[in-house]
Amino acid sequence: MKFAVIVFPGSNCDVDMYHAVKDALGEEVEYVSHTATNLEEFDGILLPGGFSYGDYLRTGALARFSNVMDEVVKAAEAGKPILGVCNGFQILLEAGLLPGAMRRNEKLKFMCRPVELRVDNNKTMFTSEYEVGEVITVPIAHGEGNYYCDEQTLARLQENNQIAFTYNGTNPNGSVADIAGITNERGNVLGMMPHPERAVEELLGSADGIKLFQSIVKNWRLAAHVVTS
Amino acid sequence: MMYKVKVYVTLRESVLDPQGSAVKGSLHQLNYKEVSDVRIGKYMELMIDETVADLDKTVKEICEKLLANTVIEDYRYEVEEVVTQ
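Quick mapping for you: the protein sequence lines, in order, are chains A and B. Just so we're aligned, residue 1 is where the first sequence starts under our numbering, counting upward by one. Just so we're aligned, residue 1 is where the second sequence starts under our numbering, counting upward by one.
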């Protein structure tokens, strides 16, 4: 399986994402510039964390108009897995690929530490290797992770099982319904504030994030993309 | 002639403004107890050429596509005519 890590001006978790796929997961991966106009050769798209365009105006607001985002939208429509982590999640919200918006953390502090997440839905292409209700430890690092959506949107997210991860115990940012990560209705776009790519081997303090990447690969292979040698 | 468009973007009333709340707390500490609410927003100035076909339509589009995220923010604007040399 071949992944693209999209690099925006100001991305800073692109190397972590690349390392997670290449070394921990053992799949193909390439850096792709925000100016790229074709993503057809890639099977999965990864939007890394960072501060694209310096977080000017709003987080993700300017990155959303990069050339490559038209291609990300096309890939989403084609059903390819799209994972946005941290700033990547913020970009997916601004692009309208996921519902809702991001606010400053409730306590206005940049939060950087490992947190516990609960896997709320394991019937997605990103979470199938986890048990439902499983509690995992993954680091967060954000100042604007306070997810917001109105009540109708929250009801829809719950009805469609689009809430993939919630914070277990203390909510670090004040997000609606303790949301840490959501998928789109179709289930092929996941946005999350915590960084699974920073938790892919014990040396990093936790290997709980690797199953997310393994889920993507496993489901991609199951979807008849079987490699014949 | 140019149009100077002053755009104000604020969080919607229904959305908690943590920065505004923090500033209100500080004002209360300074003993301005009569301040009952503070909302923090953004102020932007656009210079738009007078040749624009439909100023209101253009400004609304700009605000809704980029300057404001209407999921959580409201916007309003004022227009001033500026004489250029």
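Even glycine gets a Cβ: it sits at the ideal position worked out from N, Cα and C.
- A check of alpha carbon separations from Val-73/A across Phe-8/A, Asn-38/A and Pro-194/A identifies Asn-38/A as the nearest.
- In the three-state scheme derived from DSSP, where H, G and I count as helix and E and B as strand, Val-119/A is classed as strand.
- Within the same chain, Cβ atoms closer than 6 angstroms to the Cβ of Glu-28/A are found at Lys-2, the five residues on either side in sequence being excluded.
- Distance from the CA of Asn-184/A to the CA of Gln-85/B, rounded to the nearest whole angstrom, comes to 52 angstroms.
- The C-alpha of Leu-27/B lies about 12 angstroms from the C-alpha of Gln-19/B.
- Its chain contains Val-5 as the residues whose beta carbon lies nearer than 6 angstroms to that of Leu-46/B, once the 5 sequence neighbours on both sides are disregarded; these appear in chain order.
- Here the C-alpha atom of Ile-140/A lies approximately 20 angstroms from the C-alpha atom of Glu-94/A.
- Residue environment analysis places Cys-112/A among the exposed positions, since fewer than 16 neighbouring C-beta atoms fall within 10 angstroms of its C-beta.
- Under the DSSP assignment, Met-102/A falls outside any alpha helix (DSSP H), being part of the beta strand (DSSP E) whose first and last residues are 101–103.
- Taking a 10 Å sphere around the C-beta of Gly-49/A, we find 16 or more other C-beta atoms and assign the residue as buried.
- Leu-108/A has a beta carbon lying within less than 9 angstroms of a beta carbon in chain B.
- For Thr-58/B, the secondary structure class from DSSP, reduced to helix, strand or coil, is helix.
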